[in-house]
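*Asks:*
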Amino acid sequence: MYAIVLLLLAVLLRATNALECWQGMTEITTPGGTINLMAFKKCPAHLAFTHCTKISCSMDEEALKEIPDIPPGTKSQTGTAKGCLLPMAECELPEEGISPTGVPYKTLKKYCKMSCCEGNGCNGTLGLGSLGTVAAIMALFSAFFVRWN
């Protein structure tokens, strides 16, 4: 019985073979609290995404003075943005221009780091594919070598 449950779990976890990335943002502001808008989603197939990306920023009170629209009294802000990256895009923040949040990229480069990776959910998941493999091994072992009363 338990072997069947473990085998079903393995099949479900291995079914996530299309490129999926964590997408969204998390922001921690002191004082202020936390905003978490993160979801594990498939990248749009028609754009042929091959990479997941992660941008992490950490700013203290002095750094926040360079960022517009920050409420007065904010002591620090830490943010993480994750998403899909097109194959022809570079894995670094641009030197010039304005970000979608209205902050110049030149300012963001001082406080943010960008990383990219290839693979399903590589920008911050538990590794569901590996978990599925372990569950399949456990199911096989329990089906043949464990004595169920």
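Numbered per mature numbering (1 follows the signal peptide of the UniProt record, and there is no 0), the sequence shown spans residues -18 to -1, 1 to 131. By construction, the Cβ of each residue, glycine as well, lies at the ideal position given by its N, Cα and C atoms. All values derive from a computational prediction rather than experimental measurement.
Tell me the start and end of each unbroken alpha helix (DSSP H) in the stretch 26 to 105 that is at least 4 residues and wholly inside, in chain order.
*Replies:* 43 to 46 and 87 to 93
*Asks:* Closest by CA to C99, which one among E43, K36 and M120?
*Replies:* It is K36.
*Asks:* To the nearest angstrom, report how far apart S38 and K64 are at their CA atoms.
*Replies:* 9 Å
*Asks:* Please classify N105 as buried or exposed, where buried requires at least 16 other C-beta atoms within 10 Å of its C-beta.
*Replies:* buried
*Asks:* Below 8 Å, how does it come out for the stretch 24 to 31 and the stretch 73 to 83: are there three or more Cβ pairs, yes or no?
*Replies:* no
*Asks:* Measuring CA to CA, which of G61, N102, G101 and F123 is closest to C94?
*Replies:* Minimum Cα distance to C94 is reached at G61.
*Asks:* Starting from G6, trace the beta strand (DSSP E) in both directions and tell me its first and last residue.
*Replies:* Residues E2 to T12.
*Asks:* State the CB to CB distance for the pair E43 and K23, rounded to an integer number of angstroms; the pair is presumed to be in contact (CB under 8 Å).
*Replies:* Not quite, the Cβ-Cβ distance comes to about 34 Å (not below 8 Å), so this is no contact.
*Asks:* Report all residues from its chain with a CB closer than 8 Å to the CB of A21; omit the five preceding and five following residues, and keep chain order.
*Replies:* The answer, listed in chain order, is W4, Q5 and G6.
*Asks:* Taking all protein chains shown into account, do 16 or more other C-beta atoms lie within 10 angstroms of the C-beta of E78, making it buried, or fewer, making it exposed?
*Replies:* Exposure of E78 is indicated by the presence of fewer than 16 other C-beta atoms within 10 angstroms of its C-beta.
*Asks:* Going by the DSSP bridge assignment, what does F22 pair with across the sheet?
*Replies:* W4
*Asks:* Does G79 have its Cβ less than 8 Å from a Cβ in chain C?
*Replies:* The chain labelled as chain C is not found in the depicted structure, where only one protein chain is given.
*Asks:* Assign C73 to one of two classes, buried (16 or more other C-beta atoms within 10 Å of its C-beta) or exposed (fewer than that).
*Replies:* exposed
*Asks:* Assuming E48 and T12 make a contact with CB atoms under 8 Å, what is their CB distance in whole Å?
*Replies:* E48 to T12, Cβ: 17 Å. No contact.
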